[in-house]
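Structure record follows, encoded as structure tokens.
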Amino acid sequence: VGCGAISNSSLAHIARFCAQLHHLDLSWCNVTDEGLEILTGGAITSLEAIKLRGCSNLTDNTVTTLCESFRSSLRQLDLFGCYNVTPYAISHAVATLPNLHTICLANCPNVTASLVTQHIARWELVDVDLRGCKLVDDDCVGALCARSCRVLRRIKLGGCSLLTDTVIGKLIDCESLEVLDLKGCRS
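Under this note's numbering, think of the first position of the sequence shown as -15, with each following residue one higher.
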């Protein structure tokens, strides 16, 4: 994590020689769209989890390409702090990944209420991280709970300043809930 020397050329080697790779954490590494496109064209066929936290150079093209390439295997997508990723790519990711159960969009400034209610909330998710998403409100959480109520174990909403006491009423039906983060929700 945070290895500035891990670059696109490193990804070319990973793509070529790590065919059995299932989990890849490139958080805060110096990778770009081009490097991740190389990764998708390599020998890796069943990537289950990818963490791209703080990879601020990444764009929608990367997210859509990753999701298309690992459509049947990707279960965990972490885009924490990926500032250039838009609702288009996130909605595409959610629609493309039938086995997605964990999504982290914390500190992604482009996460909107409609993205959550119309796209993310359509899937049964086990783990949702929306910390710092300033446009997430009670209705977003209600929509997530309505679909994922039986399986939702972790929901992180810290810093979502539009949440009110009403959100608790929406969460109480989530009988599998193990982790609830509401730090800094000041409404």
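The beta-carbon is built from N, C-alpha and C at its ideal position, and this holds for glycine as well.
- Taking each of 53, 75, 100, 113 in turn and checking the Cα distance to residue 142, the smallest one comes out for 113.
- Scanning the region 28 to 70 from its first residue to its last, the whole beta strand (DSSP E) runs of 3-plus residues come out as 33 to 35, 60 to 62.
- In the same chain as residue 158, and ignoring 5 residues on each side of it, the C-beta atoms closer than 6 angstroms to its own belong to 129, 133, 136, in chain order.
- Bounds of the beta strand (DSSP E) holding residue 164 are 163 to 165.
- Contact annotation, residue 54 with residue 37: C-beta distance approximately 18 angstroms; criterion of less than 8 angstroms not satisfied.
- Straight through space, the alpha carbons of residue 150 and residue 5 are spaced by roughly 42 angstroms.
- In this structure, residue 163 sits near residue 138, with a CB-CB distance shorter than 7 angstroms.
- For the 7 angstroms CB-CB criterion, residue 62 and residue 35 form a contact.
- In chain order, 16 place their CB closer than 6 angstroms to the CB of residue 41, counting only its own chain and leaving out the 5 sequence neighbours on each side.
- A direct Cα-to-Cα measurement between residue -1 and residue -9 gives close to 13 angstroms.
- Ranked by Cα distance from residue 106, the options 169, 30, 85 are led by 85.
- Residues of the same chain with a CB within less than 6 angstroms of the CB of residue 140, apart from the 5 flanking positions on each side, are 113, 115, 165 in chain order.
- If you ignore the 5 residues before and after residue 155, its C-beta comes within less than 8 angstroms of the C-beta of 125, 129, 139, 161, 164, all in its own chain and listed in chain order.
- Counting other Cβ atoms within 10 Å of its Cβ, residue 152 stays below 16 and is therefore classed as exposed.
- For residue 101, the number of other beta carbons within 10 angstroms of its own is at least 16, and it is reported as buried.
- If you draw a straight line from the Cα of residue 22 to the Cα of residue 76, it comes to about 20 angstroms.
- Per DSSP, the unbroken alpha helix (DSSP H) holding residue 125 starts and ends at 122 to 132.
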